[in-house]
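I have placed the structure first, in the form of structure tokens, so that the comments after it can refer back to it.
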Amino acid sequence: MHVASSTLPLPASGVRPCADAYRRLAQVFPGLRVELAASRSGSGWTRVADLVGDPAVLGELIAAEEARGLAEYGEPLRPDVAASFCLHRYAWPVCLLFSLPWFLERRVPRLPVAAVSVNRDAGRMTAAVESFACLPDDPAAGLPGARVVADEAALRAELLAAVAEHLEPVLTAFRPRLRRGPRTLWGMATDELVEGLWYLGSLLGEEERAAAELSALLPGSTPPFAGGADFRHLDQGPDRAPMRTRTRVSCCLYYTVRPAEVCFSCPRNCGLTRADQ
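The sequence shown runs 1 to 277 under the UniProt record's numbering.
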């Protein structure tokens, strides 16, 4: 997915698009902090460009996931399961780099893999925002690096394009280790994008709006993403309010380590009722 644009780099000082969204992220979810800065490596940091460009770097991250899985579950993870867990731990937070500024500021940063680095043990990320999309009435629309789009539909297209641009090389790097095809991988991307913002929306007290906006963003026909948000309400009986839920597009493979604890939203579980769970 590509949206053509022509922009200038953002100034080094002054207004910093996305900064407020990342501050609010740290306030409601202290386990993840984002710094507006250039990519870095060493001392626990990994440049995402290195992760996708050097199989040894990716191998180290997956090996760390294998060690974590052995410590937590008491048995070795299957290699594809370790890779899947590793991808989830990366993609869920990285999608928030894009979706949260869109949700809170109506701004969509463009962050190719060279613009991001991660420190997984510390729960930190860096993002070098050099350009962003925004609406015509945004106070930041006149900044160098701003890419003004016509309306909300165009901004949604920018969000999907930006996330796809970032994730495509990541999914390509992981694919040989996951033993999954492109549609399944992009289904995983859909799940990470939806469930990250859905969760943050609930922490911000805006779950209803988050679900509505995600439904408009991912109605189910937005390649390369597979599937859609597909929220639904589940009846919990006369004394409880209906529960918002969805069935994931992809399986996270948690059942391979805890067969008796299949996730409620797993597509493998789609025939079960709440009472069955």
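Note that CB positions come from ideal geometry on N, CA and C, so glycine has one too.
With distances taken between CA atoms, R40 lies nearest to S117 out of S117, V170 and A154.
By a beta-carbon distance limit of 8 Å, V113 contacts V170. Their separation comes to about 7 Å. Secondary structure at V113: helix, using DSSP grouped into helix, strand and coil. Per DSSP, the unbroken beta strand (DSSP E) holding T126 starts and ends at R124 to A127.
Per DSSP, reduced to three states, the secondary structure at C134 is strand. Here R33 carries a strand assignment [DSSP, helix/strand/coil]. In the DSSP annotation of this structure, the continuous segment of the beta strand (DSSP E) that includes T245 starts and ends at M243 to T245. Spatial neighbours of L51 in its own chain (CB-CB distance under 6 Å, excluding positions within 5 residues in sequence) are listed in chain order as V57 and L58.
Secondary structure note for L234: its beta strand (DSSP E) is the uninterrupted segment R232 to L234.
The C-alpha of C134 is placed about 7 Å away from the C-alpha of A146. With contact defined as three or more Cβ pairs closer than 8 Å, the region 152-170 and the region 221-235 are in contact.
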